[in-house]
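Every number in this note's numbering is 78 more than the matching position in the sequence shown, counting from 1. Below is one structure, written out as structure tokens; comments come after it.
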Amino acid sequence: MAARRGPHVISLHDPNPPLLGRAPGPAAPAAPAPAPGPAAHPAFAAIEQRLLDRNLDIQELLVDNQRFAATHVALQKQLIAAQHELRAVSVAATRARAEREGEVDALAEQAAHIEAEARAVSAARAEVDKVHADVQVLAAARTELVNRLQGLREQLARKQAETSKTDAVRAQIETMRREIQKGRMIRIYLLHSCSSYLLASLLQRAVIHAQHPVKDINFVLTSQRSFYTSCG
Numbered sequence: 079m080a081a082r083r084g085p086h087v088i089s090l091h092d093p094n095p096p097l098l099g100r101a102p103g104p105a106a107p108a109a110p111a112p113a114p115g116p117a118a119h120p121a122f123a124a125i126e127q128r129l130l131d132r133n134l135d136i137q138e139l140l141v142d143n144q145r146f147a148a149t150h151v152a153l154q155k156q157l158i159a160a161q162h163e164l165r166a167v168s169v170a171a172t173r174a175r176a177e178r179e180g181e182v183d184a185l186a187e188q189a190a191h192i193e194a195e196a197r198a199v200s201a202a203r204a205e206v207d208k209v210h211a212d213v214q215v216l217a218a219a220r221t222e223l224v225n226r227l228q229g230l231r232e233q234l235a236r237k238q239a240e241t242s243k244t245d246a247v248r249a250q251i252e253t254m255r256r257e258i259q260k261g262r263m264i265r266i267y268l269l270h271s272c273s274s275y276l277l278a279s280l281l282q283r284a285v286i287h288a289q290h291p292v293k294d295i296n297f298v299l300t301s302q303r304s305f306y307t308s309c310g
């Protein structure tokens with residue numbers, strides 16, 4: 079029977095892993111060969127050889143089984159350790175995912191806040207632009223009002239100058255009116271004085287010439303004419 083190859087055993091970190099079950103004990107020593115007796119039949123010799131080979135195969139299988147059991151235990155330990163590490167990694171991944179989601183939420187909130195501030199700044203900038211435009215309009219209106227005020231001041235100055243001239247003319251007119259009033263009073267006084275004097279003269283002459291009626295009428299008419307001529 080051909081010699082068997084050694085079993086393929088996986089190399090493990092644990093050089094001597096414990097067995098799951100009870101390993102078979104050491105192989106029993108081979109029974110001593112019977113004393114040579116009379117020559118046996120060749121078929122019996124072949125059967126004995128086959129039995130011996132089968133016994134060796136069984137011993138090798140038992141050793142392989144023990145090695146496989148040790149490998150199974152080691153693999154089971156590695157599986158348990160890997161599962162533990164996997165659970166730890168899963169917990170860490172869940173925690174990291176939660177932290178990442180928290181960071182993402184914080185960034186989203188910050189971005190929304192920044193966007194709101196940007197909209198507020200844009201609105202404020204638009205308001206500032208509107209105020210600037212209003213200021214320009216008011217500046218133009220102020221310039222126009224200043225020009226109009228300057229024109230009104232110039233007109234007021236001219237009016238004041240004209241008023242000054244008018245006041246001077248009014249003063250002159252008032253002076254002339256007073257002078258005329260004085261002249262009228264003097265004329266009335268002179269007329270009154272002249273008429274009194276002439277009337278007295280006429281009465282005296284009328285008494286003297288009372289005896290001549292026609293001549294008296296002519297005298298009165300002539301006297302009146304000369305009265306109005308002298309007083310007129």
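Glycine residues also receive a C-beta, built at the ideal position from the N, C-alpha and C atoms. Just so you know, these numbers come straight off a predicted model, no measurement behind them.
Annotation: Ala186 to Arg178 spans about 12 Å, alpha carbon to alpha carbon. In this structure, DSSP gives His119 a state outside helix and strand, which the three-state scheme calls coil. If the five residues before and after Glu163 are omitted, its C-beta is found closer than 8 Å to no C-beta atom of its own chain. Rounded to the nearest whole angstrom, the C-alpha separation of Gln214 and Arg203 is 16 Å.
When rounded, the separation of the alpha-carbon atoms in Val247 and Tyr267 is 30 Å. The alpha-carbon separation between Ile158 and Arg165 amounts to approximately 10 Å.
Between the C-alpha atoms of Gly261 and Ala249 there is a straight-line separation of about 18 Å.
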